[in-house]
Amino acid sequence: MQDLSATYLFDPLCGWCYGASPMLDRLRLAGIDVRPLPTGLFSGAGAREMDAAFAAYAWSNDQRIERLSGQPFSEDYRSKVLNKTGSLFDSGAATLAITAAGLADHRKRFDALRLIQHARYVTGLDITGMDVLSNLLASAGLSEAARILNEGAGDLLEANRQLVTEGQDLFHRHGANGVPALVIERNGHQRLLDASALFGSYDNLMAHLKAA
18 MQDLSATYLF DPLCGWCYGA SPMLDRLRLA GIDVRPLPTG LFSGAGAREM
68 DAAFAAYAWS NDQRIERLSG QPFSEDYRSK VLNKTGSLFD SGAATLAITA
118 AGLADHRKRF DALRLIQHAR YVTGLDITGM DVLSNLLASA GLSEAARILN
168 EGAGDLLEAN RQLVTEGQDL FHRHGANGVP ALVIERNGHQ RLLDASALFG
218 SYDNLMAHLK AA
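For any residue, its number in this note's numbering is found by taking its place in the sequence shown, counting from 1, and adding 17.
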């Protein structure tokens, strides 16, 4: 599998991306170079304010993800995030934090993504605020990323814009219908992997990759 690499298209507020995390970790442990790219799917025009109907829909969906993946969605998340009056469903700040973490090494984007996902879905933190995000990064040893995020310099904003644009271009080029999406590259050729492969068995996923 040394001739194979992958680009992982995600959004930090995507529950299905959180559910796919264990399988992505296994791919990386197997030595496959997986490059994470944010899509900005739930930021900008894709952001919205939470309400009771959307919270109920999200929780129902999250329970399905938990059954398929084993990833936990806590009651703290349900009560403090989903059912918090006036809370936002906006991944813009979290995406910026992930970009800050990976400026020098794209693999650090995975570290920041896992940190943010756990903070939201397990601890029940509102990860739409810069203060929460910078504290998370600093507490996990990503102090330089926290500093960069707090400064909000133009270089960070431009790097984030470029990453999201690249992620969106790849998303549309391959006709992805949502995230998570995994674009496999081998010998200069790219192919979109069916996202369902990220929620089956590891052997089944490896069979898909070998057939790419």
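Virtual Cβ for every residue (Gly too), placed ideally from N, Cα, C.
CA-to-CA, the gap between Ala198 and Gln134 works out to about 17 Å. Counted as a single uninterrupted DSSP element, the stretch harbouring Gln207 is not any alpha helix (DSSP H) but the beta strand (DSSP E) occupying residues 206 to 210.
Cβ neighbours of Glu183 within its own chain (closer than 8 Å, five residues either side excluded): Leu54. Taking 8 Å as the cut-off, the Cβ atoms of Leu166 and Ser151 count as close.
Going by beta carbons, Gly103 and Ser60 fall outside the 8 Å limit. At the C-beta level, Asp143 and Lys101 come within 8 Å of one another. Judged by DSSP in its simplified three-state form, Phe106 adopts strand. In the three-state scheme derived from DSSP, where H, G and I count as helix and E and B as strand, Pro39 is classed as helix. No Cβ-Cβ contact shorter than 8 Å links Ile82 with Gly119.
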